[in-house]
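Okay, structure first, notes after.
Protein chains: 2
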Amino acid sequence: MSKFMSERNIRFMMKDVFNLPSLTEYPYYSSHNEKVFQMIIDAALKLADKMLYPVLGEMDKNEPCLENGEVRVHPVVKKLMKAYGEGGWISAGFPESHGGDQLPVSITGITRFIFASANYSASVYPELTAGAAELITTFGTEELIEAYVPMMLEGKWQGTMALTEPQAGSSLSDITTTAYPLTNSEKGGSEESDIRKVYKIKGQKTFISAGDHDGAENIIHLMLARIDGAPAGAKGISLFVVPKKRVDEKGRLIPNDVKVAAIYHKLGYRGAPITELSMGEKDDCFGWLVGQPNRGLAQMFQMMNEARLGVGMGATAIATAAYYAALDYTLQRPQGRPITQKDPSSPQISIIEHTDVKRMLLFQKSVVEGALSLIIQCCLYADLEKVTKGEEKEKYSLLLDLLTPVAKTWPSEQGILATSQAIQCFGGYGYCDDFPVEQYFRDSRIHPIHEGTTGIQGMDLLGRKIIMKEGGAAFLFINEVKKTIQSASSVPELEFHASKLEDAVKCLEEVMVFLLQVMHKKGVDHYLADATLFLEMFGILAISWQWLIQGVAAQKALSDSAACSRKDAFFYKGKIYAMNYFFRYELPKMRAIAVRLTDGDNLTVEMEKECFTNF
Amino acid sequence: MSKFMSERNIRFMMKDVFNLPSLTEYPYYSSHNEKVFQMIIDAALKLADKMLYPVLGEMDKNEPCLENGEVRVHPVVKKLMKAYGEGGWISAGFPESHGGDQLPVSITGITRFIFASANYSASVYPELTAGAAELITTFGTEELIEAYVPMMLEGKWQGTMALTEPQAGSSLSDITTTAYPLTNSEKGGSEESDIRKVYKIKGQKTFISAGDHDGAENIIHLMLARIDGAPAGAKGISLFVVPKKRVDEKGRLIPNDVKVAAIYHKLGYRGAPITELSMGEKDDCFGWLVGQPNRGLAQMFQMMNEARLGVGMGATAIATAAYYAALDYTLQRPQGRPITQKDPSSPQISIIEHTDVKRMLLFQKSVVEGALSLIIQCCLYADLEKVTKGEEKEKYSLLLDLLTPVAKTWPSEQGILATSQAIQCFGGYGYCDDFPVEQYFRDSRIHPIHEGTTGIQGMDLLGRKIIMKEGGAAFLFINEVKKTIQSASSVPELEFHASKLEDAVKCLEEVMVFLLQVMHKKGVDHYLADATLFLEMFGILAISWQWLIQGVAAQKALSDSAACSRKDAFFYKGKIYAMNYFFRYELPKMRAIAVRLTDGDNLTVEMEKECFTNF
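These protein sequence lines map, in sequence, to chains A and B. Using UniProt numbering, the first residue of the first sequence is number 1, and each one after it goes up by one. Using UniProt numbering, the first residue of the second sequence is number 1, and each one after it goes up by one.
Structure representation (C-alpha cells):
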C-alpha cells in the first residue's frame, strides 16, 4: 500500500477516540455495525490505492483544457466517476429511501479523507456531485429528484455549486445572474411550467469547480440567481437547477445554452477544472427553482457548510500525504551525524534522527492528526444532530455551526505550513518534481480561498457564531472542552496538559469579554477588525482540545499494558509526543494572539489607504 | 514604471535611515557621492523595468531544458548577461584595481534588490558570477585572476558555486569529489603544473545554480573537492576553479570534461537552471587550486556569506514584488461594503478598505520593508568593516557574522508567508496564472533551502555566532538595539515601541542565559535542539529593531512640518503604521517562542523514531 495516510490512525480515531460504532445504536444507523464500517473503509483504501494515487502526478501534469467549447479532463476521470458511482461512494450518505446506504457522515467523511489524501483533485468530483444531489433531495420537488438525483448518484452526471460571479467574489449578495419567468408563449399555453417552476437564466458564474468536463455525460449546476424583480441583496437570491443539457419533450438530452467561457490555469489542484460559465447567451438556458423563491442563499448553505468541512478535510488530507512522503524520505536519507559525534569518518545517520527534523515532522503530525480529529468531531456532531431531538439536537447543531469555520480554516491555513515543512524535510529535492511534495504544497494553497476565504470565515465565527443564541454555542463549546479537561485531570501524565488547556479557555473567555466591550463601545467594525486573528486563536484552542482527547485515549491504551503490544505502544507514545509538541510549541502562540486582540489599538480601522499608496 | 518595488522607500532607506552617502567620506569610497549613488540606482531601475520585468512570466513558462548535453535557457539570458557586463553591474563592487567601481555593498545590494524584485531568476546569473569572481580575486594567483576574472566581469563567462553533492546535501564535510595531482607524464615533464597547481577532478555535484547554460560562453565553477589523501571531514576540503571549457596550449577553449548529468524541474525559480554535474568521466577534467590546500571551506564561506545575504535580499525582493501586485489589485477591485453599511444597493468599495485586507497588506509591508532594512544594515556593516580598523573593524565584522543567518532566514521564511498573503488578497484570481503572485509564491519557496537550510542557519546562529568571542557579538548587537531604544525613548510617539523593544531584549537575554545553562547541564544536543526557534525569535527582535530605526526616521520627518509635504506625510505615516503593525501583531510572538525555549522539555531529543513509524 502506498503510504499517503495511516490506517492505524483511522482505527484509533474510529474506535479509541470517537467510538463511531456506537452510532449504530441509533435506529437510523442500525443496519450497520463496526464490521461494516471497517469494510467500507477498507474498500475506500483499495480504491484510493489502486485508482487514485497512481494518477496523482499525471492529473497534475495534464491539466484540463478547453477544446471546442468543452472541457477535456484526464481520461481517468471518466473511469473514476464510474467507479465512484458503481461503488456507491456518491450515494453512501444518502437515506435508503433515496437509494443510499444511510451511512453516518463521520464514516463517509473518513472515506473522503482517504480519497483526498490519495488524490485531492480526483476526490472533488464525487464530493461535489453528492453535495449537489443532497441539495436537490432536501429542497427539490419529487419531480426534480427523480429527474436528476439517480443519474448523479450513479456518477453519470456531475453536480456543481455555482455561486460566485466575476463582480461578486466573496460578496454573494451582489450576484446578478437573473431568472426570468417564462412568457405565455414560452409556456406553450399550459400552466405546467408554473408547476414545474421553470425559468430562463441569464448571467455569468466564475470559479465553478468541475463546471464542465468530458468525464460526465451531463453537468448539473446548483446555481444562485435572482428572480427578475427580486429584492436587492441576500434576500433576493433563489436556488436553481441549471443543467448543461436538459431533457426535451422526447426525452433526449439537448444543450441548455450553458457556455464555458474560460477555464483557469491554476497553481495547483490541477486535476479538476475550474470554469467560467455564461448562461443564456442564446436566450435558451432553462433553470428549475429549488425550494422557496428568495430562500436560495440559506438553502445553499446546507451544501456550503458541508463543503466547508470538506475543504478542511481536503486540506488535512493533502498535508497528511505530504507528511507521509516526508516521513518516508527522512527515514531513508542519510545525512550528517549526531551533534555530539565529531568523527567525520563515522557513518552518517538518517535525517529523522536530527532533532530539528523530528520537530518538523512533529509539527506536521500534530497538524494533520489534530485537524483530522476536529473534523471527525464535527462530522459526529452532524450525525448526532440527525438522530437526536430537542435540546440535545440543538446542542449538536450549535456546536457544528460554531466549529465549521474553524474546521474549514485551521486545517487550510496550517496545511500550507505543513506541506511547506514537508518540502523542507526533503531539502532541495523537495523543491523539484522528482517527489510529490511540491505538488502538495501547490494543491494545498487553494484551501484558504475556496468555499469562503479565511477572512470570511473569521467574520462568520466572530460576527455570527460567537454571538448567536446570546453566546449559547460558545458556552456549549467551552463546556465540551471543560469535560475533556476534567477527564484528563485525573490522569497524572496529563495534568500539565489539562492545566494548560484550562488556561487557554480562560484566555479565550477574556478575549471574548474584551471584544464584546469593544463592540458596545466602538462598534461592530472595531469588533470585527481582527476576526481572522480570533479565528486563528480559536483554532489553536480547538486543536489543543482534540489533542487532549486523543491524549486521554492514548494514555488509557498505554496503561492497559496487557492489551498493549510493543508496536501499539510506539503508536500511542507517538500520540503522546505529538500532543506534547502541540501543547509546548503551538498552544503558547494563543497568548501572543490574545495580546494583540486585547491591546485596544485600532490601526487597521484608522489607517487611510493613502498611507499605502503615496510613495 | 511597472510597480514591483518602491523607489520612494529606497530613497528613505538610503538617506533617512542609513545615510549611505556618508560612506563617501571614507577614502575608499571617496570617488563617489550622493548623486552618483542615485544615478546608479536609477540606471538599475531602468534595466529592471525595461529588460527584467517584461520577461518574468516568460522565463517561468519556458524553463531550461537539457539538449545534447547542454542546457538551453531563455534566449533573453544571453542579452541580459551582455547588458549586465557592459553596464558594469557585475564588476560594480570590485576594487578599481580589478576593473570595478569600488561601490559600497550597500549600494550594489540595493541594485541587486531592484533586479531581483523585477525578476529573481534573471538576477542570479550576475550575482553568482560576481561572487565567484570575487573568490578568485581574493584567494587566487595573479595568473588565475587574469585568466578568468575579466571575462566573468564582462558577463561573457558565468560563475558558479559548486558545493553540494548527491550524498552530502547539507553535510559538506562528507563531499567526495576528488582532486588528483598530475602524474609526471601528465605534467609533460615540466614543473609548471606544480606552480599553476593543476589537478585532475573526479566527482559529482548537484543543485548547482546556473551550472550550465547557453547564455554564456563558458561556465566557471568555484568547486569544493578533496585533494587525494586529504584528511576526512571539513579539514580536508580545498577550493578549485573548474571551468566548463579550458584554454589549451594554443589559447583555444576546449571542453574540460564537465558533463551536465541532469537538470531539475522545479516548483519555481524556473528562469535559472539547477544542474547536476559529473566531472572527469573521461579522466580529462582539470581544476586549478584556489588559495591554500585544505582551506577551501573557510575560503568558500566568503562567497557563501555574501550569497546568504543575497538569498535574504532575493526573498525580500520577491515578496516586495508580490506586495505591490497585491496593493495594486486591492486598490482596483471593488467588493463588498463597509460592515456598518447594510444597504445592498449602495456601491461596493475597493477591497483595500476592508480592515482584514489592510491587515494582510500591512503584514506584507512590514515584512518586506523590515527585511530590506535589516539586509541593508548588514551590507552597511560589510562596508564599514572594509574601511575601518582595529576594534571598530572587529565590531562590524562580528555584527555582520551574527546577523547573516538572521538576514538570510527571516526574509526567506516570512517571504513565503508574505507571498501567500499576496495570493490571499487576490482571492481566487491569485491562485491562477492571470496574475504573477502564484509565481512569486513558487519562486519564494526556494529561499529557506538554498545556501544553507533554515535548520543549518539556526545551528550557525545559536551554535556558533552567539557563543563566539564569549558572546561578544551578541553583546554588541544588544548594544546596538539599546542605542536605538535610547534614541526612540525621547520621542513621545515612540515611547510604547521603545519600551516593548526593551522587553524584547530582556526576553532574548533570559532565553540565552537559560539555554547556556541547558548546554552546561544537559549538553550541546539539548542546547541546539530548538535552534531554529531561537533563530525565529531572534529574527523578530532584529526586525522590530529595524522598524524602530525606521520609526525614528519617519517620526523625525513628520515633525519637520515645514519640509514635509502632504504626500510625504502619507509616506511617513505609512511607515509609522507598518511599525505599529509589527510591534502589535508580530513582536508578541517572540514571547510565545520564548515560552517553549525555556520550558525545559526535551521531547525532540528523547523521541525515538519508532514513535513515528509504527502505525
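Ideal placement from N, C-alpha and C gives every residue a C-beta, glycine not left out.
So who's on the other strand from residue i, going by DSSP bridges?
| i | result |
| --- | --- |
| residue 619 of chain A | The requested residue 619 of chain A does not occur in the structure, where chain A is confined to residues 1 to 615. |
| A168 of chain B | B:E165 |
| R246 of chain A | A:I254 |
| G159 of chain B | B:I220 |
| I40 of chain A | DSSP lists no partner for I40 of chain A. |
| I10 of chain A | In DSSP, I10 of chain A forms no bridge with anything. |
| K266 of chain B | A:C432 |
| S420 of chain B | The partner list for S420 of chain B (beta bridge, DSSP) is empty, contrary to what the question assumes. |
To the nearest angstrom, how far is the alpha carbon of residue i from that of residue j?
| i | j | result |
| --- | --- | --- |
| K506 of chain B | Y269 of chain A | 46 Å |
| G251 of chain B | A147 of chain B | 11 Å |
| E165 of chain B | M223 of chain B | 11 Å |
| G100 of chain A | E536 of chain B | 52 Å |
| L597 of chain A | E480 of chain B | 31 Å |
| E502 of chain A | S544 of chain A | 11 Å |
| D601 of chain A | F113 of chain B | 34 Å |
| Q439 of chain B | D60 of chain B | 8 Å |
| Y180 of chain A | A162 of chain A | 18 Å |
| L462 of chain B | A473 of chain B | 12 Å |
| A422 of chain A | L327 of chain A | 8 Å |
| F571 of chain B | D434 of chain B | 30 Å |
| V605 of chain B | T355 of chain A | 6 Å |
| M1 of chain B | I41 of chain B | Below a pLDDT of 50, predicted positions are generally treated as unreliable, and M1 of chain B, at 49, falls in that range; the measurement from the model is reported next regardless. Answer to the nearest angstrom: the Cα atoms are 14 Å apart. |
| T24 of chain A | Y120 of chain A | 29 Å |
| G88 of chain A | L103 of chain A | 11 Å |
| S173 of chain B | Q167 of chain B | 11 Å |
| Y546 of chain B | T388 of chain A | Here residue 546 of chain B turns out to be Gln, not Tyr, going by the sequence shown. Those two C-alpha atoms are separated by around 58 Å. |
| T542 of chain B | S209 of chain A | The sequence given here has Ala at residue 542 of chain B, not Thr. Between A542 of chain B and S209 of chain A, the C-alpha separation is close to 44 Å. |
| F94 of chain A | R11 of chain A | 24 Å |
Note the first and the last residue of the continuous alpha helix (DSSP H) segment covering residue i.
| i | result |
| --- | --- |
| M223 of chain A | Run containing M223 of chain A: none in the alpha helix (DSSP H); it sits in the beta strand (DSSP E), N218 to I227. |
| F538 of chain B | A531 to S559 |
| A592 of chain A | P588 to L597 |
| R308 of chain B | G296 to Q332 |
| D433 of chain A | Note, D433 of chain A: premise wrong, no alpha helix (DSSP H); not H, not E. |
| G574 of chain B | R566 to Y581 |
| M5 of chain A | From DSSP, M5 of chain A is part of no alpha helix (DSSP H); its letter is neither H nor E. |
| R112 of chain A | V105 to A118 |
| T604 of chain A | L603 to E606 |
| E610 of chain A | E610 to T613 |
| K522 of chain A | E495 to K522 |
| E143 of chain B | E142 to L153 |
I need the boundaries of the beta strand (DSSP E) containing residue i, first residue and last residue.
| i | result |
| --- | --- |
| V71 of chain B | E70 to R72 |
| V290 of chain A | F286 to V290 |
| S238 of chain A | S238 to P243 |
| P181 of chain A | T178 to P181 |
Let me see if you follow: with CB-CB separation under 8 Å, is residue i close to chain D or not?
| i | result |
| --- | --- |
| G452 of chain B | Looking for chain D here will not work: the only protein chains present are A and B. |
task: Could you pull out every unbroken alpha helix (DSSP H) segment of at least 4 residues lying fully inside the segment 435-483 of chain B, listed in chain order?
output: Fully enclosed alpha helix (DSSP H) runs of 4 or longer: 437-444 and 454-460.
field: Entirely enclosed beta strand (DSSP E) segments - the segment 52-101 of chain A, minimum 3 residues
entry: Runs found: 65-67 and 70-72.
task: With 8 Å as the C-beta to C-beta threshold (strictly closer), list the residues of the segment 430-447 of chain A near chain B in chain order.
output: Close to chain B, meaning a Cβ-Cβ distance shorter than 8 Å, are the following residues of the segment 430-447 of chain A: G430, Y431, C432, D433, D434, E438, F441, R442, R445 and I446.
- request: Check distances from the C-beta atoms of the segment 341-356 of chain A to those of chain B and list, in chain order, the residues that come in under 7 Å.
  value: Near chain B, meaning a CB-to-CB distance below 7 Å, the residues of the segment 341-356 of chain A are P344, S345, Q348, I352, E353, T355 and D356.
- prompt: the UniProt domain "Acyl-CoA oxidase/dehydrogenase middle" (161-279) of chain A: which residues have C-beta closer than 9 Å to a C-beta of chain B, in chain order?
  reply: Cβ contacts with chain B come from T164, Q167, A168, G169, S170, S171, S173, D174, T206, F207, P231, A232, G233, A234, K235, G236, Y264, H265, K266, L267, G268, Y269 and I274.
message: Report the start-end ranges of each alpha helix (DSSP H) in the segment 341-409 of chain B that is 4 residues or longer and not cut off at the edges.
response: Considered as a whole, the segment 341-409 of chain B harbours 355-387 as its complete alpha helix (DSSP H) runs of no fewer than 4 residues, in chain order.
message: Under 7 Å, CB to CB, which of the residues in the segment 581-614 of chain B have a partner in chain A?
response: Interface annotation for the segment 581-614 of chain B against chain A: Y581, R584, Y585, P588, K589, R591, A592, V595, R596, D599, D601, L603, T604, V605, M607, K609, E610, C611, F612, T613 and N614, criterion Cβ-Cβ distance under 7 Å.
field: Members of the segment 398-415 of chain A that neighbour chain B once the beta carbon cut-off is set at 7 Å
entry: Within the segment 398-415 of chain A, no residue qualifies.
message: If the cut-off is 9 Å on Cβ atoms, which residues from the segment 319-343 of chain A count as contacting chain B, listed in chain order?
response: Cβ contacts with chain B come from L327, T330, L331, R333, P334, Q335, G336, R337, P338, I339, T340, K342 and D343.
query: Between the segment 555-574 of chain B and chain A, which residues of the former have CB atoms less than 7 Å from a CB of the latter, in chain order?
result: Against chain A - using a Cβ distance shorter than 7 Å - the residues of the segment 555-574 of chain B are K567, F570, F571, K573 and G574.
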